[in-house]
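Here the structure is laid out as structure tokens; the discussion comes afterwards.
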Amino acid sequence: MTRALIVIDVQESFRARPLWETTSDLKIADRVNRLVRLARRSGDLVVWVLHSEPGSGDVFDPALGHVRLMEELERADGEPLIHKTSHNAFTTTNLRQLLTERGIRELTVCGIRTE
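See the structure below:
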């Protein structure tokens, strides 16, 4: 396994935002699940990343209960779930270490905030 799919920010926090239904892809969970199934069939690692802002009092504050994968997503047992506190998934996490330790050389990235 030298490839990984990284799923970024496909979480309930975004659905809790006021403009979600008018400005977003409402079928994103279905599209992500399709990519996840393809990655697993190819033997690729799937890594899930959630954004949180502890103490912020908004939808990204874990205390409010929205910082979790969207209900429809199909995370398998043993697939890494990483919580980030900055917009960059590599800055405040062990993502780089995890990918390096597993010998990952190629990445596919999908999600909501993937810039």
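Per my numbering, the very first residue in the sequence shown carries number 151; after that it's consecutive.
The C-beta atom is built at its ideal place from N, Cα and C for all residues, glycine as well.
- For Thr258, the pairing in a beta bridge is given by DSSP as Leu155.
- The beta carbon of Leu214 sits closer than 6 Å to no other beta carbon from its chain once the five residues preceding and following it are set aside.
- In this structure, Glu221 keeps its C-beta atom at 7 Å or more from the C-beta atom of Phe210.
- The count of Cβ pairs closer than 8 Å, one atom from the region 224 to 234 and one from the region 184 to 197, reaches three, so the stretches are in contact.
- Between Leu155 and Thr258, the C-beta spacing is below 7 Å.
- Per DSSP, the beta bridge partners of His201 are Lys234.
- The secondary-structure analysis by DSSP pairs Val196 across a beta bridge with Leu155.
- With a cut-off of 8 Å on Cβ pairs, the region 155 to 168 is in contact with the region 188 to 202, counting three or more such pairs.
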